[in-house]
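Trainee: Residue numbers (my numbering): 2 to 116. The C-beta atom is built at its ideal place from N, Cα and C for all residues, glycine as well.
(1) By a C-beta neighbour count over all protein chains shown, 10 Å radius and 16 as the cutoff for buried, is residue 89 buried or exposed?
(2) Along the chain, where does the alpha helix (DSSP H) containing residue 65 start, and where does it finish?
(3) Sorted by chain position, which residues of the same chain lie with C-beta nearer than 7 angstroms to residue 29's C-beta, five sequence neighbours on each side aside?
(4) Going by the CB atoms, is the gap between residue 86 and residue 106 shorter than 8 angstroms?
(5) Could you pull out every residue in the same chain whose Cβ sits closer than 8 angstroms to the Cβ of residue 94, ignoring the five residues on either side in sequence?
(6) Rounded to the nearest angstrom, how far is the Cβ of residue 6 from that of residue 51, given a contact under 8 angstroms?
(7) Assign residue 60 to buried or exposed, taking buried as 16 or more other Cβ atoms, counted over all protein chains shown, within 10 Å of its Cβ.
(8) Should residue 69 go down as buried or exposed, given a rule of 16 or more other Cβ atoms within 10 Å for buried?
(9) Go ahead and label residue 62 buried or exposed: buried means 16 or more other beta carbons lie within 10 angstroms of its beta carbon, across all protein chains shown.
(10) What ranges does the beta strand (DSSP E) occupy inside the segment 80-111, keeping only unbroken runs of at least 3 residues that lie completely in it?
(11) Could you check if residue 25 is buried or exposed, using at least 16 other CB atoms within 10 Å of its CB as the buried criterion?
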């Protein structure tokens, strides 16, 4: 039962650690080869700012009155936003090569994961 309760946290931990260790340094170097350390700091700052969305999402889900319950609509919405953000990060990195689109997609993905 405890494994079921913490399974989302395990997957979140695996995703965030792989993002910060492997993906974000490569993306910072890809987008800004001459200022990769500054851009990595900005991308990490976006991830840190997204942590502030957790308490806000908690208050919002406490106030929701929905036939599905209080938590289920938030989980469904945020999981779909996480998928959109992940696909946006992939598209903006490979096809469009846009650092702004990547940053917005990363912020959306991280906010969705924190909700």
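Mentor: According to the data block:
(1) For the purposes of this step, residue 89 is identified with residue 88 of the chain shown, where counting begins at 1. That one is buried.
(2) The residue labelled residue 65 in the question sits at position 64 within the chain shown. Where residue 65 is concerned, there is no enclosing alpha helix (DSSP H), given that its DSSP letter is neither H nor E.
(3) Taking the chain shown and counting its residues from 1, the one referred to as residue 29 is at position 28. Only 37, 40, 41, 44 meet the Cβ criterion.
(4) Position 105 of the chain shown, counting from 1, holds the residue named residue 106. Position 85 of the chain shown, counting from 1, holds the residue named residue 86. Between residue 106 and residue 86, the C-beta spacing is below 8 angstroms.
(5) Position 93 of the chain shown, counted from the start, is the residue given in the question as residue 94. Setting aside the 5 residues that flank it on each side, residue 94 is surrounded in the same chain by 28, 31, 103, each with a C-beta closer than 8 angstroms to its C-beta; the list follows chain order.
(6) Within the chain shown, residue 6 is the residue found at index 5, counting from 1. Within the chain shown, residue 51 is the residue found at index 50, counting from 1. For a cut-off of 8 angstroms, the C-beta gap from residue 6 to residue 51 is around 23 angstroms, too long to register as a contact.
(7) For this step, residue 60 is matched to residue 59 along the chain shown. The residue is exposed, with fewer than 16 neighbouring Cβ atoms inside 10 Å.
(8) As a position in the chain shown, residue 69 is number 68, starting the count at 1. Looking at its Cβ environment, which holds fewer than 16 other Cβ atoms inside 10 Å, residue 69 is exposed.
(9) Start at 1 with the first residue of the chain shown, and residue 62 comes out as number 61. Residue burial annotation: residue 62 is buried, with at least 16 other C-beta atoms found within 10 angstroms of its C-beta.
(10) You should have found no qualifying run.
(11) For the purposes of this step, residue 25 is taken as the residue at position 24 of the chain shown. The residue in question, residue 25, is buried, as its Cβ has 16 or more Cβ neighbours within 10 Å.
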